[in-house]
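**Q** Structure in structure tokens, see below.
There are 2 protein chains.
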Amino acid sequence: MKIVITGAAGFLGRKLSLALLGRQTPLPGFDQPLTELVGADLVPPPDLGDRRFRPAACDIGDAQAVRKLVADADLVFHLAAIVSADAEADFDRGMRVNLDGTRHLLEALRHGGRRPRLVFASSVAVYGGDLPEIITDTTHLTPQTSYGSQKAAGELLVNDYSRKGFLDGRSLRLPTIVVRAGRPNLAASTFASSIIREPLAGEEAVCPVTPDTAMYLLSPRRVIEAFQHAAGLPAETFGEWRSLVLPGLTVRVGEMVETLRRVAGEAVAARVRFVPDARIQAIVDSWPARFAPERGLSMGFAADASFEEIVRAHIEDELGGRIA
Amino acid sequence: MKIVITGAAGFLGRKLSLALLGRQTPLPGFDQPLTELVGADLVPPPDLGDRRFRPAACDIGDAQAVRKLVADADLVFHLAAIVSADAEADFDRGMRVNLDGTRHLLEALRHGGRRPRLVFASSVAVYGGDLPEIITDTTHLTPQTSYGSQKAAGELLVNDYSRKGFLDGRSLRLPTIVVRAGRPNLAASTFASSIIREPLAGEEAVCPVTPDTAMYLLSPRRVIEAFQHAAGLPAETFGEWRSLVLPGLTVRVGEMVETLRRVAGEAVAARVRFVPDARIQAIVDSWPARFAPERGLSMGFAADASFEEIVRAHIEDELGGRIA
Chain A
1 MKIVITGAAG FLGRKLSLAL LGRQTPLPGF DQPLTELVGA DLVPPPDLGD RRFRPAACDI
61 GDAQAVRKLV ADADLVFHLA AIVSADAEAD FDRGMRVNLD GTRHLLEALR HGGRRPRLVF
121 ASSVAVYGGD LPEIITDTTH LTPQTSYGSQ KAAGELLVND YSRKGFLDGR SLRLPTIVVR
181 AGRPNLAAST FASSIIREPL AGEEAVCPVT PDTAMYLLSP RRVIEAFQHA AGLPAETFGE
241 WRSLVLPGLT VRVGEMVETL RRVAGEAVAA RVRFVPDARI QAIVDSWPAR FAPERGLSMG
301 FAADASFEEI VRAHIEDELG GRIA
Chain V
1001 MKIVITGAAG FLGRKLSLAL LGRQTPLPGF DQPLTELVGA DLVPPPDLGD RRFRPAACDI
1061 GDAQAVRKLV ADADLVFHLA AIVSADAEAD FDRGMRVNLD GTRHLLEALR HGGRRPRLVF
1121 ASSVAVYGGD LPEIITDTTH LTPQTSYGSQ KAAGELLVND YSRKGFLDGR SLRLPTIVVR
1181 AGRPNLAAST FASSIIREPL AGEEAVCPVT PDTAMYLLSP RRVIEAFQHA AGLPAETFGE
1241 WRSLVLPGLT VRVGEMVETL RRVAGEAVAA RVRFVPDARI QAIVDSWPAR FAPERGLSMG
1301 FAADASFEEI VRAHIEDELG GRIA
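Top to bottom, those sequences are chains A and V.
Reminder that position 248 of the first sequence reads as 248 in our numbering, one-by-one numbering, no gaps.
To convert, take the position in the second sequence, counting from 1, and add 1000; that gives our numbering.
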């Protein structure tokens, strides 16, 4: 089978590529083994040393290029996006990639004639504004960012294209993914990875929010499992609606640092400095942190068992088990 | 002030044009009198005998044409749409008009440099699937038609363009409008007007659903009032979300015919024949009929007082007070 990943040069795209190439058995729900994996991004991802992997340069905002990219694909993971802060700063770029890009992809798949599966990476940023204490599967979407609005519109289209039988889509609303590898980026949530990643690597990290700030988190390992699990579920499982919130873990920032102390010791945890930043505090406080993701749980998606599991997974996967 | 109406050749577009031209005072919330009313549609509407009215041919799916159309507009009523059954039958046409058309309009207004007001005619078709008994202002949108999906996506964009300060939009979710003048169309709801309109005009009408079928209705008079009221409300009234359900009346079809009997007599009511149609029954049963539109009520929107008021208004407005 042929799989295409958009946004394949990103942190999750690369991990998903490696996971798919590393599978010993076909994806659940598919009977063919992986024969071709196209990893597409604006700048193509580096080669992964597997003859089945083909890096591809593709601007998702270019309808023609997208059509060529996904020809004959049996399954597409659509991860390409302009992230939150970026889409807010450059509205046109966000619309072009997050909305038009998704639309180009849907159209290309519709006209490919194969009714392929599509896994769309949405986000809990579709929630916003005046929300209930606990977000349920029936909480309405009133996003307060362009990114969230574009993702919510994308979900509507994925659902409608699926309902019409043009393709077989499923949209996963991702929690904040922690611990991301690499360097801090411009996302307001970047500290949530930094306060674990940097201390473990021997560096100081600044935490701009108070210890009692709660966040809704999922590890890279679990989200990569979720992408594959979502691809394999029968269409009937989704009923009349193709979106769901991935189960995650609600953790206070103070607990995150405590866990780091427990796992890596006082010296490591002491590398986190709390330096309040009212602007970031306000943004993070506006994000929903408590969810009752019954639908995702009933479909077999799983959150991390504990924040400790998340920290240990990061140490294993990114640091080869070593703490600086 | 300059006002533009898209879909001006339609039943509601024409009524709204006449209402705006007939006002003795400026719209509430505006201090300037109407100096130019552009009525745009694919085929331009007929002249209305008022020098302020300018019929215009405009394909809303053509970005350039839309930009020209709304230049210098202070207020736009966006009524142009491919309706439900049509958008379901011709997916591309629905996307082009209902989604791209709305987008072209938003972009044109954004770049017009005036931050104009926009009233967007959405629909209760944004609701669908597994719904609660009573729809509230926080019920989630899971549309089960392309029309509903496109309207819901349009609402997300209207909200985001407003949040960004590109324009000042408000989206009204319209109930089924009854009694529409003219002839039956291809909408599954067309009978709801026919069973009143045809008997009053001396013709037979077929009702394809059972008397206990409930519908959520609003009269042409009230919706035209609602469009004008929505235009005048201060932006702050809307808070973080620009959409609302218009208050309507929940009426069983049997009550509708009973009301016709009371208002126009047995001979007229006897012109309605109940001929069950399982396909139409299923479609109508899938529409939500019970709402608690607190938000709309608190903003001063009003439903009709009774179905009798709706019937009498039709007789006055469309039949010059005469019953055949």
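Glycine included, C-beta positions come from ideal geometry on N, C-alpha and C.
1) Counting beta carbon pairs with one atom in the segment 58-67 of chain A and one in the segment 84-92 of chain A, are three or more of them shorter than 8 Å?
2) Just to confirm the assignment, what range does the alpha helix (DSSP H) spanning residue 1253 of chain V have?
3) Kindly indicate which residue of V:1149, V:1274, V:1279, V:1100 has the alpha-carbon position closest to the one of residue 1205 of chain V.
4) In chain order, what are the residue ranges of uninterrupted alpha helix (DSSP H) at least 4 long that sit wholly in the segment 1117-1176 of chain V?
5) Residue 114 of chain A: which of A:167, A:147, A:13, A:198 sits nearest, CA to CA?
6) Let me check understanding here. Comparing Cα to Cα, which of A:306, A:309, A:314 lies closest to residue 199 of chain A?
7) When we look at the beta-carbon of residue 1025 of chain V and count the other beta-carbons within 10 Å, is it buried (16 or more) or exposed?
8) Does the beta-carbon distance from residue 1288 of chain V to residue 1245 of chain V come in below 7 Å?
9) Just the C-alpha distance for residue 47 of chain A and residue 306 of chain A, rounded to the nearest angstrom, thanks.
10) What residues match up with residue 1003 of chain V in a beta bridge as DSSP calls it?
11) Out of A:121, A:56, A:71, state which residue places its alpha-carbon closest to the alpha-carbon of residue 80 of chain A.
12) So with CB distances below 8 Å, who are the chain A contacts of residue 1078 of chain V?
13) Around the Cβ of residue 1208 of chain V, are there at least 16 other Cβ atoms within 10 angstroms (buried) or fewer (exposed)?
14) Residues in its own chain within less than 6 Å of residue 1232 of chain V by CB, not counting five upstream and five downstream?
15) I'd like to check one pair, residue 1074 of chain V with residue 1002 of chain V: are the Cβ atoms closer than 7 Å?
16) Buried or exposed: residue 175 of chain A, going by 16 or more other Cβ atoms within 10 Å of its Cβ?
17) Let me check understanding here. Comparing Cα to Cα, which of V:1322, V:1156, V:1044, V:1251 lies closest to residue 1010 of chain V?
18) Could you name the residues of chain A that residue 1032 of chain V contacts, counting a contact when the two beta carbons are closer than 7 Å?
19) Measure how close the beta-carbons of residue 281 of chain A and residue 190 of chain A come, nearest whole angstrom, since I'm counting them as under 8 Å.
20) Please identify, using Cβ separations under 9 Å, the residues of the segment 213-245 of chain A that lie next to chain V, in order along the chain.
21) Less than 8 Å between C-beta atoms, sequence neighbours within five positions excluded: which residues of the same chain meet that for residue 1018 of chain V?
22) Can you give me the start and stop residues for the beta strand (DSSP E) that residue 1181 of chain V sits inside?
23) Does residue 249 of chain A get closer than 7 Å to chain V when you measure Cβ to Cβ?
24) Using beta carbons (cut-off 7 Å, strictly below), is residue 142 of chain A in contact with chain V?
25) Quick one: what does DSSP say residue 1301 of chain V is sitting in, helix, strand or coil?
26) With a threshold of 7 Å between beta carbons, is residue 160 of chain A in contact with chain V?
27) Assuming residue 1153 of chain V and residue 156 of chain A form a contact by the criterion Cβ under 8 Å, report the distance between their Cβ atoms to the nearest whole angstrom.
28) For residue 85 of chain A and residue 186 of chain A, what's the separation of their Cα atoms in angstroms?
29) Let's see if you can read the secondary structure: which residues bound the alpha helix (DSSP H) around residue 1091 of chain V?
30) Residue 1091 of chain V versus chain A: which residues are under 7 Å apart at the beta carbon?
31) Using a Cβ-Cβ cutoff of 7 Å, what residues of the segment 1177-1209 of chain V are near chain A? List them in chain order.
32) Nearest to residue 1052 of chain V by alpha carbon, out of V:1022, V:1203, V:1077, V:1059?
33) When you compare only the Cα positions, how much space is there between residue 224 of chain A and residue 68 of chain A?
34) Just how far apart, CA to CA, sit residue 40 of chain A and residue 283 of chain A?
35) With residue 988 of chain V as the anchor, note down where its beta strand (DSSP E) starts and where it stops.
36) 7 Å is my cut-off, CB to CB: does residue 129 of chain A come that close to chain V?
**A** Working from what's here:
1) no
2) 1253-1264
3) V:1274
4) 1146-1163
5) A:167
6) A:314
7) exposed
8) no
9) 34 Å
10) V:1037, V:1075
11) A:121
12) Ordered by position in chain A, no residue passes the 8 Å Cβ test against residue 1078 of chain V, which lies about 17 Å from the chain.
13) buried
14) 1027, 1028, 1029
15) yes
16) buried
17) V:1044
18) Simply none; closest approach about 30 Å.
19) Incorrect: roughly 14 Å between the Cβ atoms, too far for contact.
20) 239, 240, 241, 243
21) 1048
22) No beta strand (DSSP E) holds residue 1181 of chain V; DSSP gives it neither H nor E.
23) no
24) yes
25) coil
26) yes
27) 5 Å
28) 7 Å
29) 1091-1094
30) 164
31) none
32) V:1022
33) 26 Å
34) 31 Å
35) No answer is possible for residue 988 of chain V: the residues shown for chain V start at 1001 and end at 1324.
36) yes
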